[in-house]
Amino acid sequence: MSKSNLSKYKIVFLGEQNVGKTSLITRFMYDTFDSTYAATIGIDFLSKTMYLDDKTVRLQLWDTAGQERFRSLIPSYIRDSHVAVIVYDVSSKKSFELLDKWIEDVKIERGENVIICIVGNKNDLTDERQVSLQDGEAKAKAHGAKIFLETSSKLGYNVKSLFKKIAKTLPEFEAAGKSGEEGASEMIDINVENTTTQDGQCQC
Amino acid sequence: MSSADPSTYPGGQINFLYVKSKVYIHPSTRKQDNLPGFLYVFKPHPTATNNELTLGWVAECNVDKSSELYRTLLHVDSTGNEKLARRPAAYGSFSFALRFMELYSIQLRTPHPGWWAGSIVLNSKSGYDNLPVLFFHDDESESTKKEMNARKKNFEIFGEDKELFWGGSMFLSVLKKWATLVRTTVDKSVYLVNPTQDDVNNFSPHRKNGLSAAEDENADKNKGKSGSNLFSEGVNKWFTETKWTVLDKFAQLTKLTQDKLTELNNTLSQDPYYNKLISHPEVQKQLNSEYGDMAKEYLAHWAMKIREQSNRSRRIEMSDKYRDLLVEELGINRGNKLISETEILNAYEGSREVTEQEWERWFDSEGRLCITVGEVEERIFHGGVCKEIRGEVWLFLLGVYDWSTSAEDRTIIAQTLESDYKLLKTQWQENQTAQDDEYFKDQVFRIEKDIKRTDRNMELYKRTTPDEDEELAITNPHLLKLKDILLTFNQFNDKLGYVQGMTDLLSPLYYLYQDETVTFWAFAKLMDRMERNFLHDQSGILDQITTLNDLVQFMLPALYGHLESCDSNNFVFFFRMLLVLFKRELPWGTFQKLWDILFTNWCGSQFHLFVILAILQKNEWVLINTLNEFDQFLKFFNELTSGYSEEDVDEQGNPISPEEKFDLVDLLTRAELLFLKFKSMINVIDLNTKPGELSPISDNLRQLLSKEIVIKRETKRVIG
Ligand SMILES: Nc1nc2c(ncn2[C@@H]2O[C@H](COP(=O)(O)OP(=O)(O)O)[C@@H](O)[C@H]2O)c(=O)[nH]1
Ligand SMILES: [Mg+2]
Numbered sequence: 001m002s003k004s005n006l007s008k009y010k011i012v013f014l015g016e017q018n019v020g021k022t023s024l025i026t027r028f029m030y031d032t033f034d035s036t037y038a039a040t041i042g043i044d045f046l047s048k049t050m051y052l053d054d055k056t057v058r059l060q061l062w063d064t065a066g067q068e069r070f071r072s073l074i075p076s077y078i079r080d081s082h083v084a085v086i087v088y089d090v091s092s093k094k095s096f097e098l099l100d101k102w103i104e105d106v107k108i109e110r111g112e113n114v115i116i117c118i119v120g121n122k123n124d125l126t127d128e129r130q131v132s133l134q135d136g137e138a139k140a141k142a143h144g145a146k147i148f149l150e151t152s153s154k155l156g157y158n159v160k161s162l163f164k165k166i167a168k169t170l171p172e173f174e175a176a177g178k179s180g181e182e183g184a185s186e187m188i189d190i191n192v193e194n195t196t197t198q199d200g201q202c203q204c
Numbered sequence: 001m002s003s004a005d006p007s008t009y010p011g012g013q014i015n016f017l018y019v020k021s022k023v024y025i026h027p028s029t030r031k032q033d034n035l036p037g038f039l040y041v042f043k044p045h046p047t048a049t050n051n052e053l054t055l056g057w058v059a060e061c062n063v064d065k066s067s068e069l070y071r072t073l074l075h076v077d078s079t080g081n082e083k084l085a086r087r088p089a090a091y092g093s094f095s096f097a098l099r100f101m102e103l104y105s106i107q108l109r110t111p112h113p114g115w116w117a118g119s120i121v122l123n124s125k126s127g128y129d130n131l132p133v134l135f136f137h138d139d140e141s142e143s144t145k146k147e148m149n150a151r152k153k154n155f156e157i158f159g160e161d162k163e164l165f166w167g168g169s170m171f172l173s174v175l176k177k178w179a180t181l182v183r184t185t186v187d188k189s190v191y192l193v194n195p196t197q198d199d200v201n202n203f204s205p206h207r208k209n210g211l212s213a214a215e216d217e218n219a220d221k222n223k224g225k226s227g228s229n230l231f232s233e234g235v236n237k238w239f240t241e242t243k244w245t246v247l248d249k250f251a252q253l254t255k256l257t258q259d260k261l262t263e264l265n266n267t268l269s270q271d272p273y274y275n276k277l278i279s280h281p282e283v284q285k286q287l288n289s290e291y292g293d294m295a296k297e298y299l300a301h302w303a304m305k306i307r308e309q310s311n312r313s314r315r316i317e318m319s320d321k322y323r324d325l326l327v328e329e330l331g332i333n334r335g336n337k338l339i340s341e342t343e344i345l346n347a348y349e350g351s352r353e354v355t356e357q358e359w360e361r362w363f364d365s366e367g368r369l370c371i372t373v374g375e376v377e378e379r380i381f382h383g384g385v386c387k388e389i390r391g392e393v394w395l396f397l398l399g400v401y402d403w404s405t406s407a408e409d410r411t412i413i414a415q416t417l418e419s420d421y422k423l424l425k426t427q428w429q430e431n432q433t434a435q436d437d438e439y440f441k442d443q444v445f446r447i448e449k450d451i452k453r454t455d456r457n458m459e460l461y462k463r464t465t466p467d468e469d470e471e472l473a474i475t476n477p478h479l480l481k482l483k484d485i486l487l488t489f490n491q492f493n494d495k496l497g498y499v500q501g502m503t504d505l506l507s508p509l510y511y512l513y514q515d516e517t518v519t520f521w522a523f524a525k526l527m528d529r530m531e532r533n534f535l536h537d538q539s540g541i542l543d544q545i546t547t548l549n550d551l552v553q554f555m556l557p558a559l560y561g562h563l564e565s566c567d568s569n570n571f572v573f574f575f576r577m578l579l580v581l582f583k584r585e586l587p588w589g590t591f592q593k594l595w596d597i598l599f600t601n602w603c604g605s606q607f608h609l610f611v612i613l614a615i616l617q618k619n620e621w622v623l624i625n626t627l628n629e630f631d632q633f634l635k636f637f638n639e640l641t642s643g644y645s646e647e648d649v650d651e652q653g654n655p656i657s658p659e660e661k662f663d664l665v666d667l668l669t670r671a672e673l674l675f676l677k678f679k680s681m682i683n684v685i686d687l688n689t690k691p692g693e694l695s696p697i698s699d700n701l702r703q704l705l706s707k708e709i710v711i712k713r714e715t716k717r718v719i720g
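Residue numbers (UniProt numbering), protein chains in the order written: chain V, 1 to 204; chain W, 1 to 720.
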């Protein structure tokens, strides 16, 4: 099998409007943060190649609009997805409560054939925090999410980690390391943030 | 001439706007017969429209050198400032005066210094009066010489007609202030004055009789050459200018099966662009690498792009070829008579903006429209309007002002709208209970979140201070107005509520008017047309997607079959284009122009669906031959205009090079022809459907012919 036979994986980003889905993707793709980036309407599509453990995979990132009424479109996008990243905003209790609805939507469309990943974004907003790390973890566990992380796309905190963890759950890497576990030594092109001392501070 | 107008200049005078001395008439070939005179433009009375301005010529010998008139003529010539004086005699030999509305065309014959002076030939609409040829003796004219020297200093030696600067070209640039001049394609020296669409068509190359076949052939040869130059430029640009590495792009491509790839390569091997591209050494290197397959696939897309580019550049010069290409691609050749010759010409020639002067000419001195609404719509549909008048034009097109109103009526309407708006606004602004309402607070939250991220690259909407923290509060006064407008709109339409995408519709309007009240009413009218896009059950958008589905099935059956076989015929990839009318896909100036055209409803109120159809038609080959998965289609349409970056606008918000990314003129030509074809197909089918028989045309399709906008409202308030 030649190298040109790249595997591609479809990752959909879901969650209420304004939780930071587009910002997470933009941080990962271009390593920038812009608070004036236009609200997503409809669907955006980006793809990026990741090199990891001497293997290459192509990630297709599907960004969706958060407003409730645009949701009827989403099933056609969730279809065929390998990973669903469901994002809430740690400074918004409401966005956290509505996670259940999103997870349900994914399960209706994909059953168990999808890796669910829960992300609490904006963890730089320490003063405004409304959802604790423990609550987030508990919810992730309850829904059988393979990955749970708090991130800040504003500061770039844990964003690379998130995508690395996602890549690690893909069939390509299953043999190499257990999903959801840190495996810093095998990473080639990405620096790992120290996720064990989650103090909301970033090195950048 | 009766002067019914009560407002006149004092003492029966007229106002000279332009004068040029030493403009000669050559009654014979003998030098001594040459007759010097003044060429002039005057305004007969203070309220005269541009149409009523008068262009004339009077011989020097007919103007008394001691008169006020003589001094005025010299004064206007040398200073360029307007001045009042008595009307010159129009009876002397060769003297003439005619109003702009009677002018048909002007021909410029450039001078050959040392041999002959440059001259202009005027033609009037009646065509009867033989107007004398006017010769500009530039070497005798002080004002022309002055201008020439000034230009030499600034190295601007080329005049208005792109030829060497001379008195005639100077005259042309002055005329442009008051009249629309369109250079004809048949004879580059001829300018039509305030032409109608028919006039322009008559002077387009397809109607020409004079040119011999030999000339045509020659022309084609030259044009072929420029096409291929463009192509190799494209290839070189690819390797020199683009910043990304080839490999990275390859990696973004979708994998095709081996069979598909072989098939694709077979098709492509016929393509001269592709062959040229593939023979480039840099490309060869990539093809022989391990990423060869992807490279091929990538090149296929690239070849399409280049081909499109050179098609476009050829269109400008090789209009006959372009027209034939369209006629063939769209299957509307003359044989089957689906579309008339004139219709094809109108669609093709129709890319001239309505200018300020043209717009003014449509109104009489009371500001009442003096041509028909249909004429206005048809004209704006073919080319949009220039940005200076866009704001005003939209108020009519959107229906804030009725076309039948006079300027006075509109002043009154504006006052009413002002007080109506104030009233609506106070209903929430001065009402604490209303503001404490949970729904209201949620609306404020949603609106603020979105206006903070709408068109912030535009100068108008930038942060007031760069380091200001908007988490705390919005301070840009324009954003605050947007917020007030949206909250007041909720008062006006108490069911819909704010939905994402609405700021995208509002911001261009505010940008045009920069006035809260006017923007509000324009927005309210625009929302009549757009509300169905934002309904909670999405039924309005789904209606359009269904109609599009029917339309593609009807008009592009081969493509439809392909999409269907790929399980991709649900057309959701056009969601965003539908939702905010291409606002997100196109750079600022370009979508505004598209909106000009859509707002006319000239080819039905849902012409945007034909624009999408044109996108599909234009890309049919690539879609059928290279793509076969839903994801690929979505990606393709998402990236149609992705080369465009939001920073690509200048201060006025005009795109720096909109044409590069999305050739709107071409798409609109196609869209119009598709519409006309659609219309005649429906006619043919109706004629062949027996009474009582069920028509195969769905109601959705039939509605596409209607000019009435489709209004669908939210029936009850829903949160979210
Ligand atoms: N403080 C903070 N703000 C963020 C973060 N991520 C996104 N935002 C802001 O939250 C708003 C919504 O972000 P966006 O990515 O558009 O959210 P989406 O609607 O989920 O796509 C924007 O104003 C962002 O600037 C973050 O990590 N920290
Ligand atoms: Mg978004």
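A virtual CB, placed ideally from N, CA and C, is assigned to each residue, including glycine.
| task | Could I get the ranges of all uninterrupted alpha helix (DSSP H) runs contained in the segment 77-150 of chain W, with 4 residues as the minimum, in chain order? | result | none
| the segment 501-531 of chain W: positions lying closer than 7 Å to chain V by Cβ | Gly-501
| request: Go through its chain and collect everything with a Cβ distance to W:Asp-528's Cβ below 6 Å, but skip five positions before and after it. | output: Taking the second sequence and counting its residues from 1, the one referred to as residue 528 of chain W is at position 528. For W:Asp-528, where only same-chain residues beyond five positions count, the Cβ hits under 6 Å are Ile-711.
| said: Measuring CB atoms only, is the segment 92-100 of chain V touching the segment 126-145 of chain V, in the sense that at least three cross pairs come out at less than 8 Å? | reply: yes
| request: Using beta-carbon positions only, say whether W:Gln-435 and W:Gln-491 come within less than 7 Å of one another. | output: Stepping through the second sequence from its first residue, residue 435 of chain W is reached at position 435. Stepping through the second sequence from its first residue, residue 491 of chain W is reached at position 491. Result no, Cβ atoms of W:Gln-435 and W:Gln-491 do not sit closer than 7 Å.
| field | Among W:Thr-689, W:Glu-378 and W:Leu-35, nearest to W:Pro-27 - alpha-carbon criterion | value | As a first step, residue 27 of chain W is located in the second sequence; it is residue number 27 there, counting from the start. W:Pro-27 has its Cα closest to that of W:Leu-35, out of W:Thr-689, W:Glu-378 and W:Leu-35.
| Quick one: does V:Ile-190 have its CB under 7 Å from some CB of chain W? | Taking the first residue of the first sequence as 1, we reach residue 190 of chain V at position 190. Only weak support exists for where V:Ile-190 lies, its pLDDT of 37 falling under 50; the coordinates are left without a value.
| request: Using 10 angstroms around the beta-carbon of W:Ser-66, count the other beta-carbons present and answer buried if the total reaches 16, otherwise exposed. | output: As a first step, residue 66 of chain W must be located in the second sequence, where it is residue number 66. Per the 10 Å Cβ criterion, exposed.
| said: Output needed in chain order: residues of the segment 79-111 of chain W with a Cβ under 8 Å from some Cβ in chain V. | reply: none
| request: Verify the contact flag: V:Asp-44, CB atom, against every heavy atom of ligand 1, threshold strictly below 6 Å. | output: For this step, residue 44 of chain V is matched to residue 44 along the first sequence. Because no heavy atom of ligand 1 lies under 6 Å away, the Cβ of V:Asp-44 does not count as near it: no.
| task | With hydrogens ignored, establish whether the beta-carbon of V:Thr-32 is closer than 6 Å to any heavy atom of ligand 1. | result | On the first sequence, position 32 is the one that residue 32 of chain V refers to. V:Thr-32: no, Cβ never under 6 Å from ligand 1.
| Pairwise C-alpha distance: W:Arg-410 and W:Tyr-401 | Numbered from its first residue, the second sequence carries residue 401 of chain W at position 401. Numbered from its first residue, the second sequence carries residue 410 of chain W at position 410. Distance between the alpha carbons of W:Tyr-401 and W:Arg-410 is about 7 Å.
| said: Give the list of continuous alpha helix (DSSP H) stretches no shorter than 4 residues that lie fully inside the segment 505-535 of chain W. | reply: 516-530
| Distance, Cα to Cα, W:Ile-612 vs W:Leu-496? | Counting from one through the second sequence, the residue named residue 612 of chain W turns up at place 612. Counting from one through the second sequence, the residue named residue 496 of chain W turns up at place 496. Taking the straight line joining both Cα atoms gives about 27 Å.
| message | Which residues in chain V have a C-beta closer than 8 Å to the C-beta of W:Asn-638? List them in chain order. | response | The residue you call residue 638 of chain W lines up with position 638 of the second sequence. Under the 8 Å cutoff, chain V gives Ile-43, Asp-44 and Phe-45.
| Beta-bridge pairing of W:Cys-370 - partner residues as DSSP gives them | In the second sequence, residue 370 of chain W corresponds to position 370, counting from 1. For W:Cys-370, which the question treats as bridged, DSSP gives no partner whatsoever.
| Taking the continuous alpha helix (DSSP H) assigned at W:Gln-32, which residues delimit it? | For this step, residue 32 of chain W is matched to residue 32 along the second sequence. Here W:Gln-32 belongs to no alpha helix (DSSP H), and DSSP marks it neither H nor E.
| said: Tell me the residue span of the beta strand (DSSP E) that contains V:Tyr-9. | reply: Residue numbering aside, residue 9 of chain V sits at position 9 when the first sequence is read from its first letter. First-last of the beta strand (DSSP E) with V:Tyr-9: 7-14.
| task | Identify, in the order they occur along the chain, each residue of the same chain with its Cβ nearer than 6 Å to the Cβ of W:Ile-389, setting aside the five sequence neighbours on each side. | result | Taking the first residue of the second sequence as 1, we reach residue 389 of chain W at position 389. Taken in chain order, the residues that qualify are Glu-356 and Trp-359.
| task | Starting from V:Trp-62, follow its DSSP beta bridges and name the residues at the other end. | result | Translated into the one-based positions of the first sequence, residue 62 of chain V becomes position 62. Answer is V:Val-12 and V:Phe-45.
| Is there a Cβ from chain W that is less than 7 Å from the Cβ of V:Asn-121? | To locate residue 121 of chain V, count along the first sequence from 1; it is residue 121. Not an interface residue.
| Between residue 247 of chain V and the rest of its own chain, which residues show a CB-CB distance below 6 Å, the 5 nearest in sequence each way excluded? | The first residue shown for chain V is 1 and the last is 204, placing residue 247 of chain V beyond what the model contains.
| task | Measure the Cβ-Cβ separation of W:Ile-624 and W:His-562 and say whether it is below 7 Å. | result | Locating residue 624 of chain W in the second sequence gives position 624, counting from the first residue. Locating residue 562 of chain W in the second sequence gives position 562, counting from the first residue. In this structure, W:His-562 lies closer than 7 Å to W:Ile-624 by Cβ.
| Shorter than 7 Å from the beta carbon of V:Tyr-37 to some beta carbon of chain A? | Going by chain labels, chain A is absent from the structure shown, which instead holds the protein chains V and W.
| task | Could you please give the first and the last residue of the uninterrupted beta strand (DSSP E) stretch that includes W:Asp-494? | result | Here the question's residue 494 of chain W lines up with position 494 in the second sequence. Segment: none, W:Asp-494 is in no beta strand (DSSP E) and carries neither H nor E.
| request: Grab me the residues of V:Thr-22's own chain with a C-beta within less than 7 Å of its C-beta, minus the 5 sequence neighbours each way, in chain order. | output: On the first sequence, residue 22 of chain V is found 22 positions in, with the first residue counted as 1. Same-chain partners within the cutoff: Tyr-37, Thr-40 and Asp-63.
| query | Which parts of the segment 37-78 of chain W are runs of the beta strand (DSSP E), unbroken and 3 residues or longer, counting only runs that do not cross its ends? | reply | 54-59
| request: Measure the C-alpha to C-alpha separation of W:Ala-150 and W:Ala-59 and round it to an integer number of angstroms. | output: Here residue 150 of chain W refers to the residue found at position 150 of the second sequence. Here residue 59 of chain W refers to the residue found at position 59 of the second sequence. Each residue's alpha carbon lies about 28 Å from the other.
| query | Is the closest heavy atom of ligand 2 to the C-beta of V:Lys-164 under 6 Å? | reply | The sequence position of residue 164 of chain V within the first sequence is 164, counting from 1. Because no heavy atom of ligand 2 lies under 6 Å away, the Cβ of V:Lys-164 does not count as near it: no.
| field | Below-7 Å beta-carbon distance, W:Arg-717 vs any chain V residue | value | If you number the second sequence from 1, residue 717 of chain W lands on position 717. For W:Arg-717, the answer is no, since every Cβ of chain V falls outside 7 Å of its Cβ.
| message | Does chain W have any CB closer than 7 Å to the CB of V:Arg-27? | response | Position 27 of the first sequence, counted from the start, is the residue given in the question as residue 27 of chain V. Not an interface residue.
| Would you say W:Lys-635 touches ligand 2, meaning its beta carbon is less than 6 Å from a heavy atom? | As a first step, residue 635 of chain W must be located in the second sequence, where it is residue number 635. Not under cutoff, so the answer is no.
| request: Determine the chain W residues that contact V:Ser-72 at a beta-carbon separation under 7 Å, and present them in chain order. | output: Translated into positions along the first sequence, residue 72 of chain V becomes position 72. Per Cβ cutoff of 7 Å: Gln-538.
| Neighbourhood of W:Phe-38 by C-beta, 6 Å cutoff - its chain only, sequence neighbours within 5 removed | For the purposes of this step, residue 38 of chain W is taken as residue 38 along the second sequence, with counting starting at 1. These residues qualify, in order along the chain: Val-19, Ser-21, Val-58 and Leu-73.
| query | So does the segment 587-601 of chain W actually touch the segment 683-695 of chain W, counting three or more Cβ pairs closer than 8 Å? | reply | no
| said: Quick check: the Cα distance between V:Asn-191 and V:Tyr-157, rounded to an integer number of angstroms? | reply: As a position in the first sequence, residue 191 of chain V is number 191, starting the count at 1. As a position in the first sequence, residue 157 of chain V is number 157, starting the count at 1. Model confidence at V:Asn-191 stands at a pLDDT of 37, short of 50, so the residue's coordinates are unreliable; what they give is reported in the following sentence. Each residue's Cα considered, the two are about 11 Å apart.
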